[in-house]
Structures are given as structure tokens and as C-alpha cells.
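Asks:
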Amino acid sequence: MGQTDARLFKWDPRARAVVGNPIVPVPGEIEISNLTLGGDGLLYGSAVQQLFVTDPATMRVLALGHSPLSHIRRAGMLTLEDGRVIALCGPYATFLRYRDGAIDIDVFAEYEKWPWVGKAVVDGYLYAGSGMELIRVKVP
Numbered sequence: 014m015g016q017t018d019a020r021l022f023k024w025d026p027r028a029r030a031v032v033g034n035p036i037v038p039v040p041g042e043i044e045i046s047n048l049t050l051g052g053d054g055l056l057y058g059s060a061v062q063q064l065f066v067t068d069p070a071t072m073r074v075l076a077l078g079h080s081p082l083s084h085i086r087r088a089g090m091l092t093l094e095d096g097r098v099i100a101l102c103g104p105y106a107t108f109l110r111y112r113d114g115a116i117d118i119d120v121f122a123e124y125e126k127w128p129w130v131g132k133a134v135v136d137g138y139l140y141a142g143s144g145m146e147l148i149r150v151k152v153p
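Its first residue numbered 14, the sequence shown is counted upward by one per residue in the working numbering.
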């Protein structure tokens with residue numbers, strides 16, 4: 014019988030082994046498509062439209078949330094140098110933040126076209142590709 018829930022685990026590369034017990038951050042989801050470590054030391058992730066925040070020290074899920082905007086693009090999360098977490102949610106660029114047991118989603122840009130590939134922040138601008146077009150958005 015195959016695995017039905019995506020699991021999150023700690024890996025020790027020297028021992029080449031899993032450390033502790035894997036957790037299921039989003040029951041029912043078969044894939045975790047994004048992970049990034051926020052400036053607050055917490056691990057932010059997504060599985061389709063489900064968001065989660067985990068404490069990597071305890072491997073405890075602190076918050077689950079549903080993106081009301083759209084699904085999070087695969088490889089659509091990144092952490093800025095100042096520690097803020099960005100997520101690309103459909104045609105929106107958002108900041109994610111864990112606060113008071115929940116995940117806050119703040120939209121800072123909307124595009125005409127959905128970004129499909131890549132993302133980078135250079136000189137205060139977020140770049141992503143949409144087909145043959147380059148999207149460029151100022152990060153506040």
C-alpha cells in the first residue's frame with residue numbers, strides 16, 4: 014500500500030539517516046511543494062493551497078492555513094535577506110507571517126499574468142517568468 018500523506022523529516026547527512034519521527038504537516042496532501050526558513054527561525058511550507066508553519070527544533074506544526082487567493086506556485090516561496098517570507102499565490106505576490114497561532118497573508122502585488130517559473134529578488138525587485146514574459150515587481 015502506498016503512502017498517502019506527505020511527510021516532513023529531519024535528515025542527518027553524516028549519519029545518512031532520518032532524525033526523530035517524520036511528521037505529516039498537512040493531512041491528506043501527497044506533496045509538499047515549498048519549504049523556506051523564515052527570519053523568525055520557523056519553517057514555512059505549502060501543499061497546493063494549504064500553508065503550514067513548523068518549528069524545526071520541535072518538529073511541531075504551529076499553524077495550518079488555506080490560501081484564499083490560489084495555490085502556491087511550485088518553488089514559489091523564498092525568504093528575503095531581512096527574513097520576510099514571500100509566496101507566489103496565483104497572480105499575487107504575498108508576504109507570509111506567523112502571528113498569534115495563525116498565518117497572515119498580505120498581498121503586495123498583483124500581476125496580469127501568472128508567474129510560472131523562477132523567482133529572484135534583485136535590488137528590491139521580485140522577478141519571475143510567465144511564458145515568454147518577465148514579471149518585475151517592486152518589493153515594499
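In this text, a Cβ means the ideal position worked out from N, Cα and C, and glycines have one as well.
1) Assuming Leu75 and Val66 are in contact, meaning their beta carbons sit under 8 angstroms apart, how far apart are those beta carbons, in whole angstroms?
2) Thinking C-alpha only, which one of Pro69, Val135 and Lys132 is nearest Asp53?
3) Please report the distance separating the alpha-carbon of Ser80 from that of Leu64.
4) Can you give the beta carbon distance from Ile36 to Arg20, rounded, assuming they're within the 8 angstroms contact cut?
5) For Gly51, which residues in the same chain have their Cβ closer than 7 angstroms to its Cβ, ignoring the five residues on either side in sequence?
6) Where DSSP assigns a beta bridge to Thr92, which residues make up the other side?
7) Alpha carbon to alpha carbon, how far is Ser46 from Ile116?
8) Measuring straight from C-alpha to C-alpha, what distance separates Ala133 and Pro153?
9) So what's Ala115 in DSSP terms, helix, strand or just coil?
10) What is the DSSP secondary structure of Met14, reduced to helix, strand or coil?
11) Considering only residues of the same chain and omitting the five flanking positions on each side of Ile85, which have a CB-CB separation below 8 angstroms?
12) Within a Cβ cutoff of 6 angstroms, which residues of the same chain sit near Tyr124, ignoring the five residues on either side of it in sequence?
13) Looking at the unbroken beta strand (DSSP E) that takes in His79, where does it start and where does it end?
14) Going by CA-CA distance only, name the one from Ile118, Val130 and Arg87 that's closest to Ala141.
15) Check whether the Cβ atoms of Pro40 and Asp18 sit closer than 9 angstroms, and answer yes or no.
Replies: Let's see:
1) 5 angstroms
2) Out of Pro69, Val135 and Lys132, Pro69 has the C-alpha closest to the C-alpha of Asp53.
3) 7 angstroms
4) Contact flag correct, Cβ pair sits at about 7 angstroms.
5) Tyr57, Thr92, Gly96 and Val98
6) Beta-bridge analysis with DSSP links Thr92 to Val98.
7) 17 angstroms
8) 15 angstroms
9) strand
10) Reliability of the predicted coordinates at Met14 is poor, the pLDDT of 42 falling under 50, and the value obtained from them is presented with this limitation in mind. If DSSP states are grouped into helix, strand and coil, Met14 belongs with coil.
11) Ser46, Asn47, Ser59, Val61, Gln62, Leu64, Ala100, Leu101 and Cys102
12) Pro104 and Ile148
13) Arg73 to His79
14) Val130
15) yes
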